[in-house]
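J.:
There are 2 protein chains.
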Amino acid sequence: MDQPAATRPLRSPGGFPVVGIIGGGQLARMCAGPAAELGLTLAVLAEAHDASAAQVVRCAPVGDHTDVESVLEFAADCDVVTFDHEHVPPDVLAALVEAGARLHPSPEALVFAQDKVAMRVRLGEIGIPCPRWRAVKSAEEAEDFGAEVGWPLIAKAPRGGYDGKGVLVADSPADLAGWLANGPVLLEEQVEFHRELAVLLARSPSGQAATWPVVETVQTEGICTEVIAPAPGLDAGLAARATEAGLRIAGELGVTGVLAVELFDVDGERFVVNELAMRPHNSGHWSMDGAVTGQFEQHLRAVLDLPLGSPRTREPVTVMANILGGEHEELYSAYRHVMARDPAVKVHLYGKGVRPGRKIGHVNVSGTDAAELAERAQHAADYIRGVITE
Amino acid sequence: MDQPAATRPLRSPGGFPVVGIIGGGQLARMCAGPAAELGLTLAVLAEAHDASAAQVVRCAPVGDHTDVESVLEFAADCDVVTFDHEHVPPDVLAALVEAGARLHPSPEALVFAQDKVAMRVRLGEIGIPCPRWRAVKSAEEAEDFGAEVGWPLIAKAPRGGYDGKGVLVADSPADLAGWLANGPVLLEEQVEFHRELAVLLARSPSGQAATWPVVETVQTEGICTEVIAPAPGLDAGLAARATEAGLRIAGELGVTGVLAVELFDVDGERFVVNELAMRPHNSGHWSMDGAVTGQFEQHLRAVLDLPLGSPRTREPVTVMANILGGEHEELYSAYRHVMARDPAVKVHLYGKGVRPGRKIGHVNVSGTDAAELAERAQHAADYIRGVITE
């Protein structure tokens with residue numbers, strides 16, 4: 000019944016550019032609305048004809064982001080190329096640059112989001128606080144580091160992890176045996192922290208940057224489940240230092256587009272950087288409804304080197320709750336209850352099939368009282384995923 | 000280089016419906032973002048492969064809205080069918096109903112937006128204040144009506160008009176000769192008014208309705224050029240009576256989806272109804288950025304009989320300025336200046352080729368001071384259309 004999307008972009012009149020996104024996940028999907036609003040043409044190199052973003056853009060050729068030919072053919076029609084994820088291999092990125100594609104972020108910047116060891120080295124060089132860490136190749140090296148900072152340790156695959164995948168809490172070197180067989184492992188001390196924060200900003204090739212307020216993120220089993228913007232009760236000094244660190248990272252690493260810096264708030268005064276992402280990020284979904292300029296519009300403006308939009312909040316507080324796949328595959332019938340109960344809840348679903356724990360959508364609610372907004376957001380998210388029935 | 004959009008919709012997993020829109024103009028285009036956010040599939044029956052909406056949706060078959068076969072084929076894939084414009088002929092609507100299509104608004108309601116004489120008759124029956132009017136078939140009848148209410152008169156083609164087209168200021172029966180040769184003409188007294196207002200609301204098949212604040216609209220040569228939401232300094236009693244009239248019209252006429260009621264504010268206390276539109280409307284574009292639920296999301300919710308979203312304003316005032324086609328066809332290069340000058344301006348362009356006076360986009364700016372916001376919105380709109388260069 001259904002038909003494939005077009006594989007070549009249709010240029011709009013008026014001199015508007017084509018923005019290509021490699022990867023057809025929900026981040027690419029959520030760029031579609033802002034792109035249409037700004038008159039831009041979006042093209043998506045999708046994993047499948049029914050990928051999340053491919054459902055909602057006209058031009059969505061199916062192609063493998065690790066295949067040089069597919070990626071080059073896609074990029075040839077685009078004025079600028081950006082990413083839904085960090086998984087495009089370095090040789091493919093190099094071929095794109097060689098072919099004259101304008102990539103944002105550049106491969107030189109993106110490597111620090113792709114390779115966690117490279118990221119730790121670079122952040123150390125520019126004086127950004129990080130957990131103590133070591134890249135180890137053997138059980139002996141792991142033993143040494145554990146003796147130094149204490150077990151358990153956080154073990155991370157240097158490449159390819161996301162949403163808690165590629166991360167392990169190791170109680171002893173024995174837990175790392177399988178991983179070490181595949182190459183070096185990044186070990187980090189387990190930081191005791193008060194809560195988790197994120198700094199979200201955008202930076203353009205011209206060097207303009209704009210930061211949203213620092214947010215609090217709540218993780219459940221390694222997956223972000225809730226974001227409160229701005230972070231309630233955040234010390235102004237900590238907020239300023241964290242924001243400054245984000246801007247310094249963006250500038251020093253040459254980031255273009257949206258940058259998310261995930262932090263541990265150690266004790267309400269100090270922070271260490273946990274992770275980086277160089278693309279729109281779960282910690283910024285609140286901005287779609289809660290800020291004058293949402294992260295998806297801002298990412299498009301940044302990669303096109305347009306002046307950035309105001310990141311000002313529209314209401315005092317916005318809470319985002321992720322909708323994770325639950326037990327039932329049918330979702331639409333939940334709308335009646337959720338929308339009737341709370342006419343102000345903003346529902347965002349991604350067109351993805353349900354698998355337990357998979358991110359399939361989120362809701363935003365804006366207002367003044369963070370606790371009340373969180374209750375409303377969680378209720379809507381829980382009802383849609385089916386873990387509550389009233 | 001470019002390729003046609005798909006002609007059959009791709010159903011998303013999760014039980015989400017397909018909403019079909021007949022007509023591929025900017026109103027259909029602006030439904031695309033909200034549809035994607037809600038996980039809905041949008042299909043558009045477009046006038047051309049590069050129509051405004053066809054640029055930004057996956058499924059946009061090209062077809063003539065006056066051709067029964069094309070429209071039936073399109074509707075067969077849709078769970079509900081709605082409209083970008085009022086121009087689908089009654090026989091095509093009847094064939095759709097006969098084939099089992101769910102149409103919102105229904106043909107029975109839509110006739111009052113299609114036929115201005117039918118609208119005047121019906122509004123009179125339900126006690127809504129209107130200008131004095133008469134449907135005339137001859138110069139003699141026009142002469143009689145003119146003698147009664149005074150020349151000049153406003154002459155309107157009963158069907159097919161929009162944006163000032165199909166409307167004429169007649170100084171004498173001689174001005175109507177050409178029109179009367181084509182059939183009856185609606186004549187209305189020329190109302191002296193203080194300003195123009197619009198009531199915008201949505202109503203669902205279940206009968207739920209939600210109204211946005213009454214707005215002030217500014218028309219230039221019959222085309223809406225500016226909207227201030229809410230209307231500044233509006234008498235609370237007038238606002239309440241106008242809103243009540245809008246709700247009464249929606250209920251009595253059985254409107255489903257968004258209804259716009261254009262009014263003349265006669266003297267700050269009394270109003271008369273000028274026009275009706277049963278679809279998202281220019282007077283509601285401000286709501287995309289200025290309200291918790293914008294008119295395009297609300298229209299989708301209404302035609303699907305979902306509970307309606309909150310129409311609450313996000314900021315005290317939002318001003319919309321239309322961008323009308325100017326002298327130059329290249330638009331994108333204006334972004335650099337407009338976005339740098341005012342990072343909070345929200346730009347919406349429709350992917351339409353430039354023709355002088357054609358609606359090609361709009362801007363929204365939100366804040367507290369209507370006059371200041373209007374200056375900012377007009378500056379951005381004027382710069383993009385090219386009538387100012389700094």
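Protein chains in written order, with numbering that gives the first Met the number 0: chain X, 0 to 389; chain U, 0 to 389.
Even glycine gets a Cβ: it sits at the ideal position worked out from N, Cα and C.
In terms of residues, what are the limits of the beta strand (DSSP E) holding residue 222 of chain U?
T.: 222–228
J.: What does residue 137 of chain U reach in chain X if we use C-beta pairs closer than 9 Å?
T.: What residue 137 of chain U touches in chain X: nothing, since even the nearest Cβ is about 45 Å away.
J.: Return the residue from the list U/136, U/142, U/366, U/115 that minimises the CA-CA distance to residue 130 of chain U.
T.: Considering only alpha carbons, the answer is U/115.
J.: On the criterion of 16 or more Cβ atoms from any shown chain inside 10 Å, does residue 143 of chain U qualify as buried, or is it exposed?
T.: exposed
J.: For residue 326 of chain X, collect the residues of the same chain with a Cβ closer than 6 Å to its Cβ; drop the 5 residues on either side in sequence, then sort them by chain order.
T.: 385
J.: Listing by chain order, which chain U residues have their CB less than 7 Å from the CB of residue 49 of chain X?
T.: 9
J.: Kindly provide the ranges of any beta strand (DSSP E) runs that are 3 or more residues long and lie completely inside the region 184–248 of chain U, ordered along the chain.
T.: You should have 184–188, 194–202, 208–210, 214–219, 222–228.
J.: Going by Cα to Cα distance, which pick from X/204, X/248, X/39 is closest to residue 126 of chain X?
T.: It is X/248.
J.: So, is the C-beta of residue 6 of chain X closer than 8 Å to a C-beta in chain U?
T.: yes
J.: Taking only beta-carbon atoms, is residue 328 of chain U less than 8 Å away from chain X?
T.: yes
J.: Locate the alpha helix (DSSP H) running through residue 29 of chain U, then write down its first and last residues.
T.: 25–36
J.: Of the choices X/84, X/339, X/15, whose alpha-carbon is the least far from that of residue 64 of chain X?
T.: Considering only alpha carbons, the answer is X/84.
J.: On the CB-based measure, 16 or more other CB atoms within 10 Å of its CB, does residue 380 of chain X come out buried or exposed?
T.: buried
J.: Determine, for residue 280 of chain U, whether the minimum Cβ-Cβ distance to residues of chain X falls below 8 Å.
T.: no
J.: Check whether the Cβ of residue 338 of chain X lies closer than 8 Å to any Cβ atom in chain U.
T.: It does; some Cβ of chain U falls within 8 Å.
J.: If you draw a straight line from the alpha carbon of residue 339 of chain X to that of residue 207 of chain U, how long is it in whole angstroms?
T.: Their Cα atoms are separated by approximately 11 Å.
J.: Starting from residue 264 of chain U, follow its DSSP beta bridges and name the residues at the other end.
T.: U/194, U/270
J.: State yes or no: is the beta carbon of residue 382 of chain U nearer than 8 Å to at least one beta carbon in chain X?
T.: no
J.: Apply the 10 Å Cβ neighbour rule to residue 136 of chain U and answer buried if 16 or more other Cβ atoms are within range, or exposed otherwise.
T.: Under this definition residue 136 of chain U is an exposed residue.
J.: At 7 Å on the CB atoms, spell out the chain X contacts of residue 62 of chain U, in chain order.
T.: Going along chain X, no residue has its Cβ under 7 Å from residue 62 of chain U, so there is no contact; the nearest lies around 15 Å.
J.: On a Cα-Cα basis, can you pick out the residue from U/78, U/308, U/2 that is closest to residue 291 of chain U?
T.: For residue 291 of chain U, the closest alpha carbon among the candidates U/78, U/308, U/2 is that of U/308.
J.: With DSSP as the reference, please indicate the residues paired to residue 119 of chain X in a beta bridge.
T.: None, per the DSSP bridge assignment.
J.: So residue 2 of chain U contacts chain X; which residues on that side make the cut at Cβ distance below 7 Å?
T.: 5, 6, 7
J.: Return helix, strand or coil for residue 178 of chain X, following the three-state DSSP convention.
T.: helix
J.: Per the DSSP calculation, residue 82 of chain U is bridged to which residue(s)?
T.: U/21
J.: Buried or exposed, going by whether 16 or more other CB atoms sit within 10 Å of the CB of residue 399 of chain X?
T.: With chain X represented from 0 up to 389, any question about residue 399 of chain X goes unanswered, as that position is not in the structure.
J.: Interface residues of chain X around residue 314 of chain U at Cβ under 8 Å?
T.: Against chain X, the beta carbon of residue 314 of chain U has neighbours under 8 Å at 313, listed in chain order.
J.: State the start and end residues of the unbroken beta strand (DSSP E) segment that holds residue 286 of chain U.
T.: Residue 286 of chain U -> not in any beta strand (DSSP E); alpha helix (DSSP H) instead, spanning 286–289.
J.: Please confirm if residue 15 of chain X has its CB atom under 8 Å from at least one CB of chain U.
T.: yes
J.: Where does residue 133 of chain U fall in DSSP's three states?
T.: strand
J.: Report the rounded CA-to-CA distance for residue 281 of chain X versus residue 223 of chain X, giving the unit in angstroms.
T.: Residue 223 of chain X has its alpha-carbon roughly 7 Å from the corresponding atom of residue 281 of chain X.
J.: Can you list, in chain order, the residues of its chain whose CB lies under 7 Å from that of residue 169 of chain U, leaving out five sequence neighbours each side?
T.: 151, 152, 154, 175
J.: Is there a C-beta anywhere in chain X that falls below 8 Å from the one on residue 57 of chain U?
T.: yes
J.: Using the Cα positions of residue 166 of chain U and residue 156 of chain U, report the straight-line distance between them to the nearest angstrom.
T.: 7 Å
J.: Going along chain U, which residues have a C-beta under 7 Å from residue 291 of chain X?
T.: 343
J.: List the whole-angstrom C-beta distance separating residue 214 of chain U from residue 230 of chain U, where the pair is believed to meet the contact cut-off of C-beta under 8 Å.
T.: Residue 214 of chain U to residue 230 of chain U, Cβ: 5 Å. Contact.
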